[in-house]
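Trainee: Handing you a structure now.
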Amino acid sequence: MFIVPMTSIIGGAGIGTVGGNAVNAAAAVDTGVAGDFKNILQDTINNVEQTEAVTKVDAYNLSIGNMDDMHTMMINTAKADVALQTMVQLRNKVLESYQAVMNTGL
Amino acid sequence: MIGDSITSALYQKALDGTWQRQKATSNNIANSETPGYKAIKVNFEDSLKAEINKLQTTANAGSTSFLDKMESIQSIDNSNINVYQGATSSRLDQNNVDMESENIDMTKSVLQYNYLVRGVSDSYSRLKYAINGGK
Amino acid sequence: MSFLSSFNISGSGMTAQKYRLDIVAQNIANAQVTRTEDGEPYRRKMTVLSSVNTGTFLDALKTATGVVQKAGVQVEAVIEDESALVPVYDPTHPDANAEGYVMYPNVNTAQEMTDAMGASRAYEANVTAFNATKSIVLKALEIGR
């Protein structure tokens, strides 16, 4: 048995204003087809990778003493935080819904 | 990207500009007795306002709905920080640093930075609260 | 290195003003010296301040993440005041010249005190700027807490 990809019931405007998924939102608004959940998950994982890469560069700069504006570094840390938490929560919800589906009696 | 909202871009730009202003003020105060030195002023607010106003077309005049568009973020990133020096001075040593004005700028920078940090910090903690489902 | 090099700007200001105060102290201490090592009366010393790297500093400010390498103020030179020495009629003095005048240093105590007050106020202003920068940097730590 495999999981059928969910079609989003929220539609374009909902996801778009969260600000995280302009591509899917634009696609949904333009074509009327809701964004793919798989794409959303993939985007979230890409976010985590990007923000982690930025914090790695920041850590290097901070360690060699090449840092002048502290607020950019702190904001990058906060973004990495938010991206990671989003991904973890998304994963939790997917697992929960999988469990819920598996537990429905046939 | 999650966390890359209009608010975040505005705060980032304002924090950058305020930090540059504080550096310029420090330099002006250090050079307050240097002959021939002209005070350095930093202005980012005008460029930011101009960039945002470009999005305000006659169609949506009077509303702030353009602040919801994602392309506002690009405009905000495009705005630049203007750094300029005056050219004239009325002092004998041709130095035009006005200590009172520098002190006022310094106080305003500190306060503005504090409020901006509070704003950006709160926006991220609201986001985290929503992501974690209220826990 | 350039970590928080913005502190160095105010630091350079403090150093320069302290140097000015040192020069003022030296002038006052030597105000009655009619014969220095080279035989001449002591001449009043003055500091020449100049700003450091203003061009690259301006460029660094324009890019939001431009790192300030070196900026602020420096004491470029210590020069002697070429204004006239003060002649005092005293034929019995060992340093008196042919007409009986002794040349005293051109140090005006009132002017030195004014310079000292100016330098000390400028020093305080630099300390205030330093503290303001420090409070800003510490505040940035609270983002995301």
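Just so you know, the sequences run in chain order A, B and C.
Per this note's numbering, residue -2 is the first one in the first sequence, and the count goes up by one each step.
Per this note's numbering, residue 12 is the first one in the second sequence, and the count goes up by one each step.
Per this note's numbering, residue 11 is the first one in the third sequence, and the count goes up by one each step.
C-beta atoms are modelled at their ideal positions from N, C-alpha and C, and glycine is treated no differently.
#1: Would you kindly work out how many angstroms separate the C-alpha atoms of A:Thr69 and C:Ile146, rounded to a whole number?
#2: Check the C-beta distance from C:Ser22 over to C:Val83 and give it rounded, since I have them as a contact under 8 Å.
#3: At least one CB of chain A closer than 7 Å to the CB of B:Glu126: is that the case?
#4: Note down, in chain order, each residue of its chain lying with its Cβ closer than 8 Å to the Cβ of C:Ala106, except the 5 sequence neighbours on either side.
#5: Listed from N- to C-terminal order along the chain, which residues in the segment 64 to 94 of chain A have their beta-carbon within a distance smaller than 8 Å of any beta-carbon of chain B?
#6: Give every residue of the same chain whose Cβ lies closer than 8 Å to the Cβ of C:Gly110, excluding the five residues on either side of it in the sequence, and list them in chain order.
#7: Thinking C-alpha only, which one of B:Asp15, B:Asp27, B:Gln33, B:Gln23 is nearest B:Ser120?
#8: Alpha carbon to alpha carbon, what distance is there between B:Val108 and B:Thr29?
#9: Relative to the C-alpha of C:Ser61, which candidate in C:Lys80, C:Gly49, C:Ile33 has its C-alpha closest?
#10: Relative to the C-alpha of C:Val58, which candidate in C:Pro51, C:Ile38, C:Thr143, C:Arg30 has its C-alpha closest?
#11: Taking the C-alpha atoms as reference points, what is the distance between B:Gly25 and B:Phe55?
#12: Per DSSP, C:Glu90 is paired with what?
#13: Let me see if you follow: with CB-CB separation under 7 Å, is B:Ile92 close to chain A or not?
#14: Per the contact definition of three or more C-beta pairs closer than 8 Å, is the segment 114 to 129 of chain B in contact with the segment 32 to 46 of chain B?
#15: Would you call the segment 40 to 56 of chain B and the segment 136 to 143 of chain B touching, i.e. three or more CB-CB distances under 8 Å?
#16: For C:Ala129 versus A:Met71, is the C-beta spacing smaller than 7 Å?
#17: Counting only C-beta atoms, is B:Lys60 closer than 7 Å to chain C at any point?
#18: If you drop the 5 nearest sequence neighbours on each side, which residues of the same chain put their C-beta closer than 7 Å to that of C:Tyr52?
#19: Taking B:Gly4 as the reference, which of A:Gln82, A:Val45, A:Leu38 has the closest Cα?
#20: Roughly how many whole angstroms lie between the Cα atoms of B:Leu127 and B:Pro46?
#21: Have a look at the DSSP bridge pairing and note the partners of C:Val96.
#22: Please check if any C-beta of chain E sits within less than 7 Å of the C-beta of C:Gly21.
#23: When you compare each of A:Tyr95, A:Asp40, A:Gln47, A:Asp55 to C:Phe13 by their alpha carbons, which one comes out closest?
Mentor: On the basis of the data shown:
#1: 13 Å
#2: 5 Å between Cβ atoms; contact.
#3: Checking the sequence shown, residue 126 of chain B turns out to be Tyr, not Glu. No, B:Tyr126 lies away from the interface with chain A (no Cβ there is under 7 Å from its Cβ).
#4: Asp100, Val112
#5: Taking 8 Å as the Cβ-Cβ cut-off against chain B, the residues of the segment 64 to 94 of chain A that qualify are Asp66, His68, Thr69, Ile72, Ala75, Lys76, Asp78, Val79, Ala80, Gln82, Thr83, Gln86.
#6: Excluding positions up to five away in sequence, the list reads Tyr99, Asp100, Pro101.
#7: B:Gln33
#8: The alpha-carbon atoms of B:Thr29 and B:Val108 are separated by roughly 19 Å.
#9: C:Lys80
#10: C:Arg30
#11: First, the residue type needs correcting, since residue 25 of chain B is Ala and not Gly in the sequence shown. Answer to the nearest angstrom: the Cα atoms are 7 Å apart.
#12: C:Lys55
#13: no
#14: yes
#15: Here the segment 40 to 56 of chain B does not lie against the segment 136 to 143 of chain B, with fewer than 3 beta-carbon pairs under 8 Å apart.
#16: C:Ala129 is not a Cβ neighbour of A:Met71, given a cutoff of 7 Å.
#17: no
#18: Asn40, Val43, Thr46, Pro115
#19: Residue numbering for chain B in the displayed model covers 12 to 146; residue 4 of chain B lies beyond these limits and cannot be assessed.
#20: Looking at the two C-alpha atoms, the distance is approximately 36 Å.
#21: C:Tyr114
#22: The chain inventory of the structure shown lacks chain E, comprising the protein chains A, B and C.
#23: A:Asp55
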